Amino acid sequence: MTQQGEPRPKTVLIVLNVLPLVFEPNASSPSGWDVSWATSATATLYRTLVRDADKYSPLFIGCPEIFVAKSEEAALEKQLLKLRCVPVFLDPPVAHRYFQGFCKGVLWPVFHNVVDVYNSAELQLDNVEEKPRVSKWWFGGEKEDTGSSICS
């Protein structure tokens with residue numbers, strides 16, 4: 001409930017591969033970027049969801065289509081939160097393996113009913129040396145508080 005006794009809009013998480021945003025370099029911006037909504041048909045649908053915020057409050061989660069230095073991530077994250085977007089920052093090698101491997105090799109076939117029934121469905125991760133780093137991030141230590149209060 002809000003302070004006026006009205007029900008609070010429910011948060012709807014919209015998880016995307018790439019955030020539907022356009023990033024333009026701007027040295028005078030605190031983050032170094034001007035950010036606006038993309039004009040594609042899909043992005044227009046997402047913006048429509050944002051306008052209907054009296055019923056629900058969408059929160060977009062995904063990768064920005066730019067690579068940002070670690071030192072710039074906090075400022076850009078703060079800027080994107082104003083647009084109700086939570087960025088997932090990936091370094092270039094991880095982003096490449098995620099998109100070219102996992103998205104195209106696993107997710108796309110599953111969600112488009114293009115499953116190879118004649119070959120092994122075993123998923124092999126290509127970098128065993130990544131496992132300790134990912135496990136450390138996932139199970140403790142490296143994660144930062146990125147504003148989880150947004151969903152509450």
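The numbering of the sequence shown is full-length UniProt numbering, which starts it at 1 and goes up by one. Backbone N, C-alpha and C define an ideal beta-carbon position, used for all residues, glycine too. Since the structure is predicted, the reported quantities are computational estimates derived from the model, not experimental observations.
Using beta-carbon positions only, say whether Asp49 and Val18 come within less than 9 Å of one another.
-> The sequence given here has Leu at residue 49, not Asp. It is not a contact, given that the beta carbons lie outside the stated cut-off.
Can the beta-carbon of Ser31 be found less than 9 Å from the beta-carbon of Gln79?
-> yes
Do the CB positions of Leu76 and Val68 come within less than 9 Å of each other?
-> yes
Thr42 to Pro20 span [Cα, whole Å] | 8 Å
Quick one: Cα of His112 to Cα of Phe102, how far?
-> 14 Å
Since I believe Tyr56 is in contact with Lys10 (beta carbons under 8 Å), could you give me their beta-carbon distance rounded to a whole number of angstroms?
-> 5 Å
Measure from the alpha carbon of Leu83 to the alpha carbon of each residue in Ala95, Arg8, Pro64 and Arg97, then state which is nearest.
-> Pro64
So what does DSSP say about Val15, is it helix, strand or coil?
-> strand
Smallest Cα separation from Asp91: which of Ser40, Thr44, Glu73 and Ile61?
-> Glu73
For Lys70, which option in Ser28, Val88, Leu81 and Phe60 has the closest C-alpha, if you only look at C-alpha atoms?
-> Val88
Return yes when the Cβ of Tyr46 is within less than 9 Å of the Cβ of Ile66, no when it is not.
-> no
To which residues of the same chain is Ser148 closer than 6 Å at the C-beta, ignoring the five residues directly before and after it?
-> At Ser148 the pLDDT is 49, less than 50, meaning the model places this residue with poor confidence; the figure from the coordinates comes in the next sentence. Nothing meets the Cβ criterion.
Which parts of the region 52-124 are runs of the beta strand (DSSP E), unbroken and 3 residues or longer, counting only runs that do not cross its ends?
-> 56-63 and 85-87
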